[in-house]
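Protein chains in written order, with the numbering used here: chain A, 431 to 763; chain B, 212 to 496; chain C, 12 to 346.
And the structure:
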């Protein structure tokens, strides 16, 4: 059952720097379908457009970012809601109760001069009317305990907690009203590795308890391997491969994905590893045809002319690459 | 350079204020063609209204107001430029060195600077002006105002340097072997320039204001025409009561335009130079 | 072979807080290790373990509270500029912070050449700079006249490495050099460090919290926790046969790039910020799955097991205790 769908989504940054117009094609025609009760990961290098995609899915588009074309709709109680046709008030009601967004560096949203329990209470008050102080506190404490965090932290100020705890508390805050869809933008970046594990543990716990959907954006493939059910790989504003996590790691089809997986260091293996040659293209000045062709070892003529379609090649494994169509013979030759 | 000016002109405030300022400077430059010596009196009939021979009429001292005004603007600008530039140089040197060196150097310099801030400026300037009244000329007044104008901005520059010192490119410069003075000028000055420019122009405004104030109180050399002295003479000859509008309004309107032009120049230039917007523009081909 | 760098009983204490509540935190607690020429040595640990503070003290940017730092057999004088005298250079975590965003990157190269008197004229300088850039996979034409914002993170980090190579350093301190670079581009920089060691004989102190990359390039590794080195030795032994419980935790917390090997158990994290620093006894005792009574009372000593240094009470029994430079058979039985 799909809970969030994006159709032909195009969202660009239109900048005006000193009279010259620059268009950054951050999300360049993306089609997505995300189901309920799953963790969907969006992977890719920085500058590939994944954060913009998340913003577009969450409908928080503000100039200079603009929606050029396409639709995003949620399915709530078997009804389709076209997110971009909602009024501001309707969007506000959806937020936090139905969809939640955890931005990068989330821990800085905690107000440093009030205790955590007050932060939680303020959050509750602005969405759920009529709770007494005690009811709010009990609800919060129960929620925190269920997620495996100690209740004593509620009496603390943010600066007294360690960085990892702050991040987890903020994520728990986002989950307080039991949203059906949670968007998380790089929740583990810039965190220590042990803290990272704690955050991943927490996200998994939330998903298990609430049975909801989490859309996770990160460039760290290790995090994807440990947390997600399905992964979509983005490159230069386009979705180039999407499949179940096991498929991506075990049987990736797009050359970029293969580079991505093979360049990661593994324990016990000191053999030499290589990154993909060159660098990702600028989103202002995209190459013609398939954006990966300048760096692709298999590129042939049609790759420089036309963008391949995002096709299902079986087992819900989708790839956008001419190798799939034209072929395997082309590799041999 | 041409590109910079072209970019600046896109801001309407800069365009307007720059044109006004240019006009005022041209007006001041006209003083070289003045047929009358500004310090002499009675070279024309008194209290004449505006006419073709005397564009703005004459005042009660028998001087042509138009040509007086050209000198007034010229001298006021000279005073403010001297005050502004000299005080900037001091503020920048003190701020950069104190911020970067820290410890004793910082303490000593800030002690001096704080002392100047806390002193009742106006009283002391009045006192000093009274003492040196005979020898008060344009340059001396400019230097006097400069001496009192650097303290605040030195502190502001110092705090910016304190934060820049913690950034990693400071360490890169140190590891590349750069010494203190060179480092501070090459690395930090570009960040500090918008501050310097906007405070320069503010300082110029302040200097003109102080000059007018001192003149009204009668402490500067009344023979040298400046905006302040013109105003002083106009007031003491009861121009308001006598209806000598041109004499009274000329310095007033010129001052107003000057202040507005300086203010808008400072705001538009400092916005343009702000490192945050500059970084966005950098690397444009 | 003379050791390139010796750290002996290095300690650094900081005072935090206001007049009302002052905390004295020991950021680096009695740390000792040595670096040989042409060796990649990793200082690994989470944030707050003291590794960056050690780097700053080696470079001379911070004064140690006690202990000695010996470069090539000589202790530097107070405020001596070791980058001039000892050939020490550093590269930092954020490539975009390493360079002044308002200056062109080649300025730093020319300045270094001028300050260290590496060339006689501009032409020679340019040749030298070009050579160093080629060794990191770039060229002078590529960087000439450009600002930091025109490069990608990975490229800029390589420019930073090239700059540090100008003086032919013998020791390079790399503080989290790839944590801000995309995961897919990290390997090119890691391979570069390997090349520096093999072709130019440069020693690298690699500071990180990512054990996977540490495993890939280092010869030896020291695991740090809240100011102490808790385990140190050849990287293969320390990371594949972890002895200290913290090393095990760190090692197991690295997400495996394989969906078949997901984590099963759960872990506990520290909650309150400075709690662990001020703990008596072993600082890890609060979270250690194998903590004993003695761990909460007494801080463990440095014990050598199998050629690896471990700071843990678990290994006190039946092992040779090396204390004060003298070997003593451990005849005391402890609880």
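Glycine included, C-beta positions come from ideal geometry on N, C-alpha and C.
- Sequence-distant partners of residue 733 of chain A (beyond 5 residues in either direction) whose C-beta falls short of 6 Å from its own C-beta, in its chain, are 719, 720, 723, 752.
- Straight-line spacing of the CA atoms in residue 264 of chain C and residue 196 of chain C works out to 22 Å.
- The straight-line gap separating the alpha-carbon atoms of residue 347 of chain B and residue 429 of chain B is approximately 12 Å.
- Under the three-state reduction of DSSP, residue 274 of chain B is assigned to coil, being neither helix nor strand.
- The beta carbon of residue 260 of chain B sits no closer than 8 Å to any beta carbon of chain C.
- Inclusion of residue 452 of chain A and residue 714 of chain A in the CB contact set at 8 Å is warranted, their separation being smaller than that value.
- Contact check for residue 668 of chain A and residue 463 of chain A: beta-carbon distance about 16 Å, past the 8 Å limit, so the pair fails to qualify.
- Per the DSSP secondary-structure output, residue 542 of chain A pairs with nothing in a beta bridge.
- Among the residues of the stretch 466-477 of chain A, those with a Cβ less than 8 Å away from any Cβ of chain C are 475, 476, 477, in the order of the chain.
- A Cβ-Cβ contact shorter than 8 Å links residue 193 of chain C with residue 165 of chain C.
- With contacts defined by Cβ atoms closer than 8 Å, residue 266 of chain C and residue 652 of chain A form a contacting pair.
- By the 16-neighbour rule on beta-carbons within 10 angstroms, residue 95 of chain C is exposed.
- For the pair residue 143 of chain C and residue 93 of chain C, the Cα-to-Cα distance works out to about 21 Å.
- Annotation: Cβ neighbours of residue 220 of chain C in chain A (cutoff 8 Å, chain order): 622, 623.
- Not a single CB atom of chain C sits nearer than 8 Å to the CB of residue 338 of chain B.
- For residue 227 of chain C, the enclosing alpha helix (DSSP H) stretches over residues 222-228.
- Contact annotation for residue 127 of chain C against chain B: 387, 388 [CB-CB distance below 9 Å, chain order].
- With a beta-carbon spacing of about 40 Å, residue 275 of chain B and residue 302 of chain B fall beyond the 8 Å limit used to define contacts.
- Not one beta carbon of chain C lies nearer than 8 Å to the beta carbon of residue 664 of chain A.
- Judged by DSSP secondary structure, residue 106 of chain C falls within the alpha helix (DSSP H) whose first and last residues are 106-109.
- Counting along the chain, residue 730 of chain A sits inside no alpha helix (DSSP H), nor does DSSP assign it H or E at all.
- Comparing alpha-carbon positions, the option among A/468, A/466, A/500, A/472 lying closest to residue 442 of chain A turns out to be A/500.
- Between the alpha carbons of residue 266 of chain B and residue 277 of chain B lies a gap of roughly 6 Å.
- The three-state secondary structure of residue 97 of chain C, taken from DSSP, is coil.
- Non-local beta-carbon contacts of residue 385 of chain B in its own chain, meaning distances under 8 Å to residues more than five positions away in sequence, involve 394 in chain order.
- Between the alpha carbons of residue 344 of chain B and residue 111 of chain C lies a distance of about 49 Å.
- A Cβ-Cβ distance of about 12 Å is found for the pair residue 207 of chain C and residue 169 of chain C, leaving them out of contact under the 8 Å criterion.
- For residue 383 of chain B, at least one C-beta of chain C is nearer than 8 Å to its own C-beta.
- Judged by pairs of C-beta atoms under 8 Å, the stretch 154-161 of chain C touches the stretch 113-130 of chain C, as three or more such pairs exist.
- Per DSSP, reduced to three states, the secondary structure at residue 471 of chain A is strand.
- DSSP, read as helix, strand or coil, puts residue 72 of chain C in coil.
- If the five residues before and after residue 684 of chain A are omitted, its C-beta is found closer than 6 Å to the C-beta atoms of 670, 671, 749, 751, all from its own chain and listed in chain order.
- Unbroken alpha helix (DSSP H) runs of no fewer than 4 residues, entirely contained in the stretch 678-756 of chain A, are found at 685-692, 731-735, 752-755, following chain order.
- Each of B/465, B/480, B/295 was checked against the Cα of residue 362 of chain B, and the nearest Cα belongs to B/295.
- Residues are counted here when their Cβ sits less than 9 Å from a Cβ of chain C; for the stretch 543-574 of chain A the count is zero.
- Within chain B, no C-beta atom comes less than 7 Å from the C-beta of residue 274 of chain C; the nearest is roughly 35 Å away.
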